[in-house]
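A.B. asks: Handing you this structure, nothing more for now.
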Amino acid sequence: MSPPPKGFDFTTLPEYELVRLQRTAADFAGIENPYFLVHQGRAADTTEVDGRKLLNFSSYDYLGLNGDPRIAAAAKDAIERFGTTVAASRVVAGERQLHRDLERELAAIHHVEDAVAFVSGHATNVTTIGHLFGPKDLIVIDALAHNSIVEGARLAGAKRVMVPHGDYDALERTLRLNRARHRRALIAVEGLYSMDGDVPDLRRLISLKYRYDAILLVDEAHSIGVLGESGGGIAQEQGIDPHDVDLWMGTLSKSFASCGGYIAGTGALVDLLKASAPGFVYSVGLSPPLAAAATTALVLLREEPQRVRKLRDNGKYFLDRAQAAGLNTGGSIGASVVPVVVGESPSAVILSNRLFARGINVQPIIFPAVGERQARLRFFLTARHERAQMDAAVDAVAEELAAMRCAPGFADMISDRLGAV
Ligand code: PLP
609 MSPPPKGFDF
619 TTLPEYELVR
629 LQRTAADFAG
639 IENPYFLVHQ
649 GRAADTTEVD
659 GRKLLNFSSY
669 DYLGLNGDPR
679 IAAAAKDAIE
689 RFGTTVAASR
699 VVAGERQLHR
709 DLERELAAIH
719 HVEDAVAFVS
729 GHATNVTTIG
739 HLFGPKDLIV
749 IDALAHNSIV
759 EGARLAGAKR
769 VMVPHGDYDA
779 LERTLRLNRA
789 RHRRALIAVE
799 GLYSMDGDVP
809 DLRRLISLKY
819 RYDAILLVDE
829 AHSIGVLGES
839 GGGIAQEQGI
849 DPHDVDLWMG
859 TLSKSFASCG
869 GYIAGTGALV
879 DLLKASAPGF
889 VYSVGLSPPL
899 AAAATTALVL
909 LREEPQRVRK
919 LRDNGKYFLD
929 RAQAAGLNTG
939 GSIGASVVPV
949 VVGESPSAVI
959 LSNRLFARGI
969 NVQPIIFPAV
979 GERQARLRFF
989 LTARHERAQM
999 DAAVDAVAEE
1009 LAAMRCAPGF
1019 ADMISDRLGA
1029 V
């Protein structure tokens, strides 16, 4: 018999049920757990898992810049000169020219005055929203906006209202009914929604923001480097004056082949965050190789706009092919993210498993990350994909879905298992 565990037994916490559920759900379905697979080497349009080469549709490396020798050289050079860490908050002894170079590039791509970089994209939203807003404020969030926005609003202690995805009437109603009773108001949306691959109507949001004297945050994690002719993001795509958005938020972990996050906007906003946002003041400065990698990626994006064109061609091609094959791609505009909605969570996991067996890596997104019966496979397209790879993936999805739907008793099996889970 194994000895009783020492210390606090975390398996007794109700929260631990989620761990059990995730493990048993895969066992119930008789499939491999699709999460936490170890990828051997750099994942791009292909990847390697357990010595098998797979077609890969699960990478945020939209512009295909990860592993670019120029980025790797800049990162190595930064390590040579500054080491792997700046070993202090920037406020005290952690400031390096690398940080300033990066922030200048970030401000330039957004066409605003200044930017401030943080060590994580998630922490950027949490600390910025948590710091700028408080209990007397109102925060209105699109229902599909990222967890980091919701966590930031929770930290702020503000009145939080989640409005249905893309429902501008509900947004307007919320502001009309609540704005006057609150000190500040924030409207928080994404520039390209990572679950659905669709975009907001920025012009409409800006007019609401002015009408109700609100602050507008646009999270460009999935749209910077992707939307707009030269990857300038949703403002460039929709012909918007970037100054009409108050907080441009983005991550360095997707188009920019690095890790970290940022806020871009006016000089006053950046000064304020640098002076007092806890996630900046009380956290280490961005690591030198990461800052250098992101800066180089931004320069390469400017010099090689064909990457954006290739990415957009790929997104459009995949969307058209998927729709022609009768797949449900929801509201995706066919940029970098195209979901294939299959319905029940076990169906999405089983489909992902079958594709994996056929040499295609694409992750299932299941309840509660998306609504019940809205489970999906989420395809990330990059500038590295070729048409033959996308053809192969769409054909395989259509074949496997048809086979699953025709399998006798498949629907019953799913509802039994849903009942059991
Ligand atoms: N915002 C959005 C919309 C995201 O999708 C993500 C991560 O996927 C983040 C913020 C957090 O960024 P990071 O993963 O770089 O911390």
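Residue numbers for the sequence shown follow the working numbering, so the first one is 609 and each next one is one higher.
Heads up, the beta-carbon is just placed ideally off N, CA and C, and yes, glycines get one too.
Note that the coordinates shown come from a computational prediction; the quantities given were computed from them, not determined experimentally.
(1) Terminal residues of the continuous alpha helix (DSSP H) containing R917?
(2) Comparing alpha-carbon positions, which option in D722, A943, T632 lies nearest G873?
(3) Quick one: Cα of R962 to Cα of I941, how far?
(4) For the alpha helix (DSSP H) that K882 lies in, which residues bound it at each end?
(5) Measuring only the C-alpha atoms, how far is L898 from A788?
(6) For L860, name the three-state secondary structure that DSSP assigns.
(7) Any heavy atom of ligand 1 inside 7 Å of the beta-carbon of N1031?
(8) Touch check for the segment 797-805 and the segment 819-834: three-plus C-beta pairs under 8 Å?
(9) Quick check: what's the CA-CA separation for G893 versus K882?
(10) Should T903 be labelled buried (16 or more other beta-carbon atoms within 10 Å of its own) or exposed?
(11) Considering only residues of the same chain and omitting the five flanking positions on each side of R992, which have a CB-CB separation below 7 Å?
(12) From R650, Q630, Q648, pick the residue whose C-alpha is nearest to that of N641; which is it?
(13) With a threshold of 8 Å on Cβ separation, who are the neighbours of M1012 within its own chain once the five nearest residues in sequence on each side are excluded?
(14) Can you check the segment 711-752 for any beta strand (DSSP E) of at least 3 residues that lies completely inside it and give the ranges in chain order?
(15) Return the residue from the list L752, Q846, D921, L860 that minimises the CA-CA distance to M998.
(16) Checking 8 Å against the spacing of the C-beta atoms, do L810 and I842 come in under that value?
(17) Please report the distance separating the alpha-carbon of A1028 from that of L813.
(18) Give the DSSP bridge partners of R789, in chain order.
(19) Decide if the segment 860-877 is in contact with the segment 688-703; the criterion is three or more beta carbon pairs, one per stretch, under 8 Å apart.
(20) For the 8 Å Cβ check, are there 3 or more pairs between the segment 852-862 and the segment 723-743?
(21) Buried or exposed: where does L824 fall if 16 or more other Cβ atoms within 10 Å of its Cβ makes it buried?
(22) I757 CB to nearest chain C CB: under 8 Å?
(23) I'd like the list of long-range same chain contacts for R981, defined as Cβ closer than 7 Å, with 5 residues on each side in sequence excluded.
(24) Is R660 near ligand 2, with its Cβ less than 7 Å from a heavy atom?
(25) Quick check: the Cα distance between A996 and R917, rounded to an integer number of angstroms?
(26) Say the cut is 7 Å; is the CB of T655 nearer than that to a heavy atom of ligand 1?
(27) How many angstroms separate the CA atom of R1049 from the CA atom of V646?
(28) When DSSP builds the beta bridges, which residues end up paired with Q971?
(29) Apart from the five residues on each side of it in sequence, which residues of its chain come closer than 6 Å, Cβ to Cβ, to G774?
(30) Please return the same chain residues whose Cβ sits closer than 7 Å to the Cβ of V889, not counting the five positions on each side in sequence.
(31) Determine the DSSP secondary structure at V1029, reduced to helix, strand or coil.
(32) Ligand 1 heavy atoms versus the CB of H993: any closer than 7 Å?
(33) Can you check which of these residues, H707, R762, P947, is closest to F726 by C-alpha distance?
(34) Does the Cβ of A1015 have 16 or more other Cβ atoms within 10 Å, making it buried, or fewer, making it exposed?
C.D. replies: To lay it out plainly:
(1) 914-932
(2) D722
(3) 26 Å
(4) 875-884
(5) 43 Å
(6) coil
(7) Coverage of the chain is limited to positions 609 through 1029, which leaves residue 1031 absent and any answer about it impossible.
(8) yes
(9) 11 Å
(10) buried
(11) A652, D653, G672
(12) Q630
(13) S955, I958, L959, R962, F1018
(14) 722-726, 746-750
(15) D921
(16) yes
(17) Residue placement at A1028 is flagged as unreliable, the pLDDT there being 46, under the threshold of 50; the coordinate-derived value follows with that caveat. Taking the straight line from one Cα to the other gives about 43 Å.
(18) In the DSSP output, where bridge partners are listed per residue, R789 has none listed.
(19) no
(20) yes
(21) buried
(22) This model lacks chain C altogether, as it is built from one protein chain only.
(23) G951, E952
(24) This structure lacks ligand 2; the ligands present are ligand 1.
(25) 18 Å
(26) no
(27) Coverage of the chain is limited to positions 609 through 1029, which leaves residue 1049 absent and any answer about it impossible.
(28) R986
(29) none
(30) S697, V699
(31) Residue placement at V1029 is flagged as unreliable, the pLDDT there being 42, under the threshold of 50; the coordinate-derived value follows with that caveat. Coil.
(32) no
(33) H707
(34) exposed
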